Amino acid sequence: MAYWLMKSEPDVYSIDDLKKDRLEPWDCIRNYQARNMMRDDMRIGDEVFFYHSNCAEPGIVGIMTVASKPYADPTQFDRKSKYYDPKSSPEKPRWQLVDVRFKRKLKRNISLRELKSHPGLSDFILNRRGNRLSIMPVSPDYWELILGME
DNA sequence: GCCAACGTTGGC
DNA sequence: GCCAACGTTGGC
């Protein structure tokens with residue numbers, strides 16, 4: 239089993255939204271690296287940190303699990319959607335996603351500030367300058383270390 | 001294949 | 001709102 243971290247802006251979709259919905263397609267990802275991880279590397283049952291980005295206190299706020307195999311993101315075919323992709327077609331879909339299932343909220347927000355200041359996490363991808371990847375792998379060691387900060 | 005222009009992400 | 005750091009696009 240592998241571990242991941244996925245970002246979402248809480249104004250768009252928050253951990254509380256997922257808690258309410260329980261299951262949600264992680265749609266609208268339009269970055270090849272992020273897509274490739276969902277398409278090629280994720281397995282049902284993998285655990286994922288839910289990260290709030292672009293907000294007052296960015297940080298890790300909950301845990302979810304991968305709940306489906308990869309499939310075509312329906313928003314790419316929706317002409318009215320901001321995420322419509324004219325170069326994609328149902329026969330040859332360009333963008334893939336997985337469903338995620340709510341597991342639990344963390345007891346508290348583990349903020350980016352805290353993650354950055356932890357000496358054991360200096361190599362963590364999230365902490366790299368200019369990192370903009372919205373989906374990233376988390377090693378089992380880092381997963382345990384971060385959970386221990388809860 | 002190079003690279004300038006442009007668009008987006010996301011911390012601050 | 002600013003802007004650094006990326007990713008993507010498209011002309012050549």
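Numbering (our numbering), first residue to last: 239 to 388. No residue lacks a Cβ here, since even glycine has one placed at the ideal position from N, Cα and C. Being a predicted model, the structure only gives us computed values, none of them experimental.
Bridge partners - residue i, DSSP secondary structure assignment
| i | result |
| --- | --- |
| T313 | Paired residue(s): none; T313 is not in a bridge. |
| G358 | Answer is none; G358 lacks a bridge partner. |
| S246 | H290 |
| E285 | Y241 and T303 |
Among the options, nearest to residue i - alpha-carbon criterion
| i | options | result |
| --- | --- | --- |
| Y380 | H290, N365, A310 and K307 | N365 |
| R342 | S326, I267, K245 and K257 | K257 |
| K307 | K318, D316, L353 and L335 | L335 |
| F340 | L359, P312, I301 and F315 | I301 |
| L400 | G386, P324, I282 and S246 | It is not possible to answer for residue 400, since the shown part of the chain is limited to 239 through 388. |
| V250 | Y289, G283 and E329 | Y289 |
| V286 | S246, L359 and K330 | S246 |
| V338 | P263, D259 and D254 | P263 |
Continuous beta strand (DSSP E) stretch holding residue i: start and end
| i | result |
| --- | --- |
| R260 | No beta strand (DSSP E) contains R260, which DSSP labels as neither H nor E. |
| P375 | I373 to V376 |
| Y270 | Not the beta strand (DSSP E): Y270 falls in the alpha helix (DSSP H), residues Y270 to N274. |
| V299 | G297 to V304 |
| N347 | D337 to S349 |
C-alpha distance - residue i paired with residue j, whole-angstrom precision
| i | j | result |
| --- | --- | --- |
| G297 | W242 | 14 Å |
| I384 | A310 | 32 Å |
| D369 | P248 | Inspection of the sequence shows that residue 369 is occupied by Asn rather than by Asp. N369 and P248: Cα-Cα distance of roughly 19 Å. |
| L261 | S291 | 20 Å |
| M276 | M244 | 11 Å |
| P375 | P357 | 19 Å |
| S319 | D254 | 24 Å |
Beta-carbon spacing of residue i, residue j below 9 Å
| i | j | result |
| --- | --- | --- |
| V299 | S372 | no |
| D265 | P312 | yes |
| R273 | W333 | yes |
| A305 | D279 | no |
| D284 | T303 | yes |
Check: residue i C-beta below 8 Å from any heavy atom of the ligand NAP
| i | result |
| --- | --- |
| D249 | Absent from the structure shown: the ligand NAP. Ligands present: none. |
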